[in-house]
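A.B. asks: Keeping their order, the protein sequence lines are chains A and B. For the first sequence, the working numbering begins at 1 and goes up steadily by one. For the second sequence, the working numbering begins at 1001 and goes up steadily by one. For every residue, glycine included, the Cβ atom is placed at its ideal position computed from N, Cα and C.
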Amino acid sequence: MKKYAYYPGCTLGSTGVEYGLSTLEVCKKLGIEMWEIPDYNCCGSSSAHLVNPYLALGLSARNMAIAEEAGLDVAIPCAACYSHSKAAELAVKESPEKRAIIEDIIGRTYKGESKAKSILEVLAESLDLEELKAQVVHPLKGLKVVTYYGCLLTRPKKIACDDAEDPIMMDNILAALGAEILPWSAKTECCGASHTASEPGVGIGMTDKILLAAQKSGADCVATACPMCMGNLDMRQVQAAKMFNHNYNIPIYYFTELLGLALGIDSKKMGCDRHFVPAMELLQKYEKGGEQ
Amino acid sequence: MTLNELQQQGAMATETLEKLSQVEARKCYQCGKCSAGCPVAEYMDIMPRQVMRLVQLGLTDEALKSKAIWLCATCDTCSTRCPRNVDIAHEMETLRILAKRKGIVGEKDIDKFHNVFLDMVKKFGRVYEVGLIVGRNVTTGKLFRDVNYGLPYLSKRKVHLLPEKVKAKDEINRIFAKAEEYALKELKEAENK
């Protein structure tokens, strides 16, 4: 059985609860053991590195150091947490001087032996797609999906876990479940991140462009691997529609929710009934057997 | 004043910046690919390409005053696509950090949001959503922003009523204090070079 240190960050128990629940359920089903990093702290998110790079490195390095003490690589669902944790891992490996600074900041040893991995990467690496097909209980046949990777899983190149311009990890997993992956233009565009909260005139405009592209693609839904992207596309969908006089009703799913659904995990157990844009109707169609 | 004189005047600032960011701005040949792909460009006062040009010309102070460095979402599209491998996003970030240290804030609400965010992390070790939204609304004076999301969040059980706190408070304090120490040391070294 594979075992990882699990870093939920600040969102997977709250605003991104569906991502946390679905990740843990899916991993349980697939025999991947998750050990939550005890007394973990915030990675600094999109704020720390804009004020002080050492703060961003220190906050993430502490979590990584705790995982390293336990001898485990870290599986991280949130794209921002992943990106900052990976940056800390790479920084301590950059030079002995840099490592000494970071270790002094956190007051712990961290050699960079424990690696930061996004949950998308963990699943893409550990799943044999042919075996996965055989495990599918509810095939997603007929479900038209656009996959949305956003920024932090695809850029910058030294941190990214997938291609910068045409990432495919999510595509491959969802296609193996029977879903139809549609091409679209916004696969790696920025959702606006925290601008939607700090400067809505800018941020919501960015979110709206993604939603409009998703709608034009003809997809039934969007799959994402980031709680920030989810918050913007799901919670702020009505706000974006109002601001730009658009008409949306696009369910947004964490890719782990769709994976869990196909593997026969109860959608409510994964928190799929806690979205802002109603997400249950589409899922229930597949839970009852899918399109024939 | 001639361009040459301007550049001479700004040379020091350019050197300080390069020492801090490790970005070789002079490599930029002004093709504009960064600005073409930038998802925030349409909201910026000057384009990322122009920020790079100001830096090349030694007009760092002008770059520090721009709104662009605050609006950059650090999505890294520009840096990823740059044909000259210039890390534009990191240059913008470094400019923003410098601007903040000098008290030049081009986008006040954005700055306040991140301040409140980091205050939460400093205090609790984690983000407390309710505190973040209330804090942002109070400091920006936009009291009713996003309040419509409060009830749905509560009824969906998607926010903590009370903050979750890291037990090792001393470790969090140490990280904040030491990080500031190193940042100031680095800044001083870059300026005195």
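Ignoring anything shorter than 3 residues, give me the beta strand (DSSP E) runs that lie fully in the stretch 129–173 of chain A, in order along the chain.
C.D. replies: 144–148
A.B. asks: Alpha carbon to alpha carbon, how far is Leu182/A from Ala79/A? Give it in angstroms, no decimals.
C.D. replies: 22 Å
A.B. asks: Just by C-beta distance, which residues in the stretch 242–259 of chain A are closer than 9 Å to chain B?
C.D. replies: So nothing in the stretch comes that close.
A.B. asks: CB-CB under 6 Å to Ala124/A, same chain, minus the five flanking residues each way: which ones, in chain order?
C.D. replies: Met169
A.B. asks: Looking only at C-alpha atoms, which of Lys209/A, Pro53/A and Tyr40/A sits nearest to Met64/A?
C.D. replies: Tyr40/A
A.B. asks: Can you find a C-beta in chain A that's less than 8 Å from the C-beta of Pro1152/B?
C.D. replies: yes
A.B. asks: For the beta strand (DSSP E) containing Val51/A, list its first residue and its last residue.
C.D. replies: Run containing Val51/A: none; DSSP gives neither H nor E here.
A.B. asks: Given that a residue counts as buried once 16 or more other Cβ atoms are within 10 Å of its Cβ, and exposed if not, what is His1114/B?
C.D. replies: Its Cβ being crowded by 16 or more others within 10 Å, His1114/B is buried.
A.B. asks: Determine the extent of the alpha helix (DSSP H) in which Ser1079/B is found, giving its start and end residues.
C.D. replies: Thr1077 to Arg1081
A.B. asks: Tell me the rounded alpha-carbon separation between Ala1063/B and Leu261/A.
C.D. replies: 50 Å
A.B. asks: What is the DSSP secondary structure of Val277/A, reduced to helix, strand or coil?
C.D. replies: coil
A.B. asks: Taking only the alpha-carbon atoms, compute the straight-line gap between Val1127/B and Gly1135/B and give it to the nearest angstrom.
C.D. replies: 12 Å
A.B. asks: Distance cutoff 8 Å, beta carbons only. Does Glu1062/B sit that close to anything in chain A?
C.D. replies: no
A.B. asks: In this structure, how does DSSP classify Glu1107/B when only helix, strand and coil are distinguished?
C.D. replies: coil
A.B. asks: Pull up the CB-CB distance for Ser333/A and Met270/A, whole angstroms please, since I reckon it's below 8 Å.
C.D. replies: Limits of chain A in this structure are 1 at one end and 292 at the other, which puts residue 333/A out of reach.
A.B. asks: What does Pro1039/B touch in chain A if you count any residue whose Cβ is under 7 Å from its own?
C.D. replies: Glu189, Cys190 and Met206
A.B. asks: Just tell me which of Asn52/A, Gly44/A and Ile204/A has its CA closest to the CA of Thr196/A.
C.D. replies: Proximity to Thr196/A across Asn52/A, Gly44/A and Ile204/A peaks at Ile204/A, based on C-alpha coordinates.
A.B. asks: Quick check: does the Cβ of Glu1129/B come within less than 7 Å of any heavy atom belonging to the ligand SAH?
C.D. replies: Here there are no bound small molecules, and the ligand SAH is not part of this structure.
A.B. asks: Short of 7 Å in beta carbon distance, which residues of its chain neighbour Glu25/A, apart from the five on each side in sequence? Order them along the chain.
C.D. replies: Gly260, Ile265, Lys269 and Met270
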